[in-house]
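A.B. asks: A single structure is presented below for examination.
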């Protein structure tokens, strides 16, 4: 296999940082884009922290480093961020994605573009076994930006025959996550010996995916050699209730103080169908909620 030069956006983030580490021995050069410096010390890693504010800026970067693959994990990473400044969400998620894909089209060297989309593009998932054909109906601005980018990239895939894969990720958890996530909140409250009240009943379920599964999925898609579709759902192998999640955390952290509400104030989600990615890419998740929580807490030690 000829080693290629890979661009990773969000290279210091929850998904981007472990991707850099994992792919260093499978690439000639990795160029990471992130305002936060990645601590990776390797001669085959180049970090870019200066803003790229135009198609021209990104085109120059792709050409300078002879990039052939792009993994786009960067941007505002959840509906809990920057709500008081919606222009920041739009600039980081929609505009920068547009700069990336148009620069990739201009350069004509990009043989794989992977976009990290989100469960939030779908909105409320009231159907079980949701497939990739489920209509977008985002409930917040973050979800709207992910849906917009997903639709935009699909037209580049169809109209310009570019090799693009959109991964619609369920909620990612893991020890590097810095933004709000109920699993993180439960674990952190336990470590700090604080009480927490969750805004739903104990039997409320949610589709999670462990960060290591996301990294393995992106790696599998990056080097997949056969024909593929544009869009794939990515989730964990199970659909845990929060009662189960709390019980699993309590196996590793003593004296958890978790309360549940008597009603659900969070929109319902059902489990994604993973049939398409299993059949086409031959990828499936390995981390059950039990294994993921144990690995998460072990990494905090």
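In our numbering, the protein residues as written are 5 to 305.
Quick reminder that beta carbons are idealized off the backbone N, C-alpha and C, glycines included.
For residue 200, which residues from the same chain have a beta carbon less than 8 Å from its beta carbon, with the 5 sequence-adjacent residues on both sides left out?
C.D. replies: 189, 190, 193, 261, 262, 263
A.B. asks: Tell me where the beta strand (DSSP E) around residue 33 begins and ends.
C.D. replies: 33 to 37
A.B. asks: Pick helix, strand or coil for residue 202, following the three-state DSSP scheme.
C.D. replies: Residue state, collapsed to three classes: strand.
A.B. asks: What distance in whole Å lies between the Cβ atoms of residue 226 and residue 73, which are believed to be in contact at a cut-off of 8 Å?
C.D. replies: Rounded, the Cβ-Cβ distance is 6 Å, consistent with contact.
A.B. asks: Taking residue 136 and residue 230 to be in contact with their CB atoms under 8 Å, please state how far apart those CB atoms are, rounded to whole angstroms.
C.D. replies: Incorrect: roughly 18 Å between the Cβ atoms, too far for contact.
A.B. asks: Name the DSSP beta bridge partners of residue 3, please?
C.D. replies: Given a span of 5 to 305 for the chain in the structure shown, any question on residue 3 remains unanswerable.
A.B. asks: Going by CA-CA distance only, name the one from 166, 258, 154, 236 that's closest to residue 197.
C.D. replies: 258
A.B. asks: Quick check: the Cα distance between residue 32 and residue 219, rounded to an integer number of angstroms?
C.D. replies: 19 Å
A.B. asks: Three or more beta-carbon pairs under 8 Å between the stretch 108 to 124 and the stretch 246 to 257, yes or no?
C.D. replies: no
A.B. asks: Going by the DSSP bridge assignment, what does residue 13 pair with across the sheet?
C.D. replies: 37, 76.
A.B. asks: Which residues share a DSSP beta bridge with residue 238?
C.D. replies: 173
A.B. asks: Just confirm the distance between the C-beta atoms of residue 52 and residue 36, as a whole number of angstroms; I'd bet it's less than 8 Å.
C.D. replies: 7 Å
A.B. asks: So residue 239 and residue 174 are in contact, right, with Cβ under 8 Å, and what is the actual spacing, rounded?
C.D. replies: 4 Å
A.B. asks: Measure the beta-carbon distance from residue 177 to residue 300 and round it to whole angstroms, keeping in mind my assumption that it falls under 8 Å.
C.D. replies: 7 Å
A.B. asks: Looking at the secondary structure, which residues open and close the alpha helix (DSSP H) in which residue 186 lies?
C.D. replies: 186 to 195
A.B. asks: If you run the structure through DSSP and keep just helix, strand and coil, what is residue 111?
C.D. replies: In the three-state reduction of the DSSP assignment, residue 111 falls in the helix class, which pools H, G and I.
A.B. asks: Give the secondary structure of residue 134 by DSSP, where H, G and I count as helix, E and B as strand, and everything else as coil.
C.D. replies: Three-state DSSP puts residue 134 in a strand.
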